[in-house]
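Written below as structure tokens is the structure these notes are about.
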Amino acid sequence: MNELLEDNDKSGSIFTDLRLDARDTECRRSQRYFQFSFSGLKVRLDSFAETDEHYLASCMDLTLSDMFLVEAISGDSPVKLLGEWVNEEQPRDTNDGLMMMKMVSMHSDEMFSSDGELMGNECRATLEFLPIRFFMHQVALRFVRSFFRYENENAVKEGGESYPAPPEVFFPVFKVKPFDIKVDYKPKHVDTSALKDGSLVELLNVLPLEDMILRLSEVELRNITGWGSIISELACNWLQDVSSTQMHKFLTRTTPLHPFATVGDGMKQFLMIPLEEYKHKGSVKKGLRKGTKKLASVLAYETLSVGAKLTGFAAKSLGRRNRRNLTKVDNLSSQRQRSLPLPRSMGEVSDHAIESLTRGLKEANAKMIIIPYREYQQSGAGGAMKSVVRGLPVAVCAPLSGAAEAVSYGLYGVRNQLRPDLREEEEASKRLHDR
570 MNELLEDNDK SGSIFTDLRL DARDTECRRS QRYFQFSFSG LKVRLDSFAE
620 TDEHYLASCM DLTLSDMFLV EAISGDSPVK LLGEWVNEEQ PRDTNDGLMM
670 MKMVSMHSDE MFSSDGELMG NECRATLEFL PIRFFMHQVA LRFVRSFFRY
720 ENENAVKEGG ESYPAPPEVF FPVFKVKPFD IKVDYKPKHV DTSALKDGSL
770 VELLNVLPLE DMILRLSEVE LRNITGWGSI ISELACNWLQ DVSSTQMHKF
820 LTRTTPLHPF ATVGDGMKQF LMIPLEEYKH KGSVKKGLRK GTKKLASVLA
870 YETLSVGAKL TGFAAKSLGR RNRRNLTKVD NLSSQRQRSL PLPRSMGEVS
920 DHAIESLTRG LKEANAKMII IPYREYQQSG AGGAMKSVVR GLPVAVCAPL
970 SGAAEAVSYG LYGVRNQLRP DLREEEEASK RLHDR
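The sequence shown lines up with residues 570 to 1004 when you count with our numbering.
As structure tokens, then:
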């Protein structure tokens, strides 16, 4: 050690001889991460002494009040990938947790299995979930798949000395009660070669999915060993059930067909509500009013949503064209002003709408008057004319972009005021902190 500390040449040669892998030389990007957060964890564990009178080992009651998973892989800002789905149709009891599990453990009859391995306890478990909301991006899913594949490859390559694994839990019965999930999926790239080879999974990457509600049925597994096997069996059971009973939702909830599917659901309620009213009370007047009100609300909401999305898309397209001709400072300020939350009502629309229109007019004024005037002072009439020609696209697109953004923001305000329940659901789904 003293020789290493005193002899700088030797120590330098030692480190220069080391060959670092390319992965080791790259710095970690701290802005790209997954974050799992939870709160309200309650655990009650009752342990029992081992006697000849019974085989009972423990009883556990676990409740997790809230949890969510955030990813910053797909974009610059964090996205709530997984969390509770808050909706009025499935109200939450104050004593319920987002995840609840009850498990009873019993000592096994045999200490060792037939192949000589140590036997674990036998556990009977019941698992419940509240409705869950997913916002999935193809980039984040690919990152997760690549990450775990890389870890598994390293584990296989390293090998080394093997240690006896702890005994795995044996589940005579593992039950998961049914629950709903609401999914948004945003693809980025379609592997056309895999699609030509018959990979049906790539069809999911053709169009985005919006507000797809899936019902995960009740699953009861028997005689399963280990938590890993439990997770695999649950995934297989749910995939088989969804593919056989709810596959049509992957088509009807794509972005182009989503408004029509939602209006179709409204038409279904328009017909079913009076029918249910007639079965129970023998009259259809009240049910017809409810059904008509429901259908009108759905039609108005979807019309405003489609209009807001189309004008918002137009504003972004025109804005991208403008930013190519703006200075760096103007570009950053323009992006910063557009990153605002959606309005909760019409009362929050006016300020941002006026700001959008003003910004568009300022950009056009700068390109058509201010900059040509400066060019005229420096280069004369020829330079001023060239500046006017270069600034003409911005002079046309900037006011149109500001007007489209103002209209989009106004339509979102009307929509959210019309359906405050859906607005609250959307806000809760994207909230990154506890209520």
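Idealized CB from N, CA, C, for every residue including glycine.
Remember, predicted model here, so these are calculated numbers, not experimental data.
What's the call for Trp654, buried or exposed, on a 16-neighbour Cβ count within 10 Å? buried
Contained beta strand (DSSP E) runs [length at least 3] in the segment 593 to 643, N- to C-terminal order: 603 to 616 and 625 to 640
Is Lys746 helix, strand or coil by DSSP? Coil at Lys746, not helix or strand.
Taking the alpha-carbon of Ile793 as reference, which of Leu776, Gly929, Leu650 and Phe739 has the nearest alpha-carbon? Phe739
Beta-carbon gap between Ala694 and Met675 smaller than 7 Å: no
By a C-beta neighbour count over all protein chains shown, 10 Å radius and 16 as the cutoff for buried, is Leu966 buried or exposed? A small correction: the amino acid at residue 966 is Cys; Leu does not occupy that position in the sequence shown. Label assigned to Cys966: buried.
Asn985 - DSSP class collapsed to helix/strand/coil: Asn985: helix per DSSP, three-state reduction.
Boundaries (first-last residue) of the alpha helix (DSSP H) holding Glu932: Run containing Glu932: Ser919 to Asn934, per the alpha helix (DSSP H) assignment.
Inter-residue Cα distance where the pair is Phe716 and Lys757: Answer to the nearest angstrom: the Cα atoms are 19 Å apart.
Sort Glu871, Leu614 and Ser852 by Cα distance to Pro825 and report the nearest one. Glu871
Between the segment 864 to 882 and the segment 827 to 837, are three or more C-beta pairs nearer than 8 Å? yes
Do Val958 and Thr880 have their beta-carbon atoms positioned less than 7 Å apart in this structure? no
Once the 5 residues before and after Arg928 are set aside, which same chain residues still bring their CB inside 6 Å of it? Gly971
So, is Asn664 buried or exposed, given that buried needs 16 or more other C-beta atoms within 10 angstroms? exposed
Taking Thr814 as the reference, which of Ile800, Ile782, Tyr754 and Asn934 has the closest Cα? The shortest Cα separation from Thr814 among Ile800, Ile782, Tyr754 and Asn934 belongs to Ile782.
Alpha carbon to alpha carbon, how far is Gly609 from Met636? Give it in angstroms, no decimals. Those two C-alpha atoms are separated by around 9 Å.
DSSP three-state assignment for Ser998, whether helix, strand or coil: Helix.
In angstroms, rounded to a whole number, what distance separates the CA positions of Leu980 and Gly876? 7 Å
To the nearest angstrom, report how far apart Pro736 and Leu631 are at their CA atoms. 22 Å
Let's see if you can read the secondary structure: which residues bound the alpha helix (DSSP H) around Leu651? Where Leu651 is concerned, there is no enclosing alpha helix (DSSP H), although the beta strand (DSSP E) it sits in stretches over Val648 to Glu653.
As assigned by DSSP and simplified to three states, the class of Asn792: strand
Since Leu803 and Val788 should fall inside the 8 Å C-beta cutoff, what is the C-beta to C-beta distance between them, to a whole number of angstroms? 6 Å
Pro912 vs Gly856 beta-carbon contact at 7 Å: no
Check whether the segment 746 to 757 touches the segment 700 to 708, taking contact to mean three or more Cβ pairs, one atom from each stretch, closer than 8 Å. yes
Apply the 10 Å Cβ neighbour rule to Thr831 and answer buried if 16 or more other Cβ atoms are within range, or exposed otherwise. buried
For Asp760, collect the residues of the same chain with a Cβ closer than 7 Å to its Cβ; drop the 5 residues on either side in sequence, then sort them by chain order. Within the same chain, Asp760 has close Cβ partners Glu771.
Can Ala935 and Tyr978 be called in contact, C-beta distance under 7 Å? no
Beta-bridge pairing of Met672 - partner residues as DSSP gives them: Partner(s): Met629 and Ala694.
Please state whether DSSP places Met705 in a helix, a strand or coil. strand
I'd like to confirm the pairing. Which residues does DSSP put opposite Ile524 in its beta bridges? Examination of residue 524 is not possible in this model, given that the chain is present from 570 through 1004 alone.
Presumed contact (8 Å Cβ cut-off) between Lys649 and His706, rounded CB distance: In fact, because the Cβ distance is near 11 Å, the residues do not count as touching under 8 Å.
Out of Val775, Leu987, Val713 and Ala626, state which residue places its alpha-carbon closest to the alpha-carbon of Ser874. When the alpha-carbon of Ser874 is set against those of Val775, Leu987, Val713 and Ala626, the nearest one is in Leu987.
Start and end residues, alpha helix (DSSP H) containing Leu764: Looking at the DSSP string, the run of the alpha helix (DSSP H) that includes Leu764 is Thr761 to Lys765.
Can you tell which of Gly860, Asn985, Leu969 and Gly952 has its C-alpha closest to the C-alpha of Gly916? Distances from the CA of Gly916 to each of Gly860, Asn985, Leu969 and Gly952 were compared; the closest alpha carbon is that of Asn985.
Is the Cβ-Cβ distance between Pro968 and Ala997 less than 7 Å? no
Where does Thr831 sit, in a helix, a strand or coil, going by DSSP? helix
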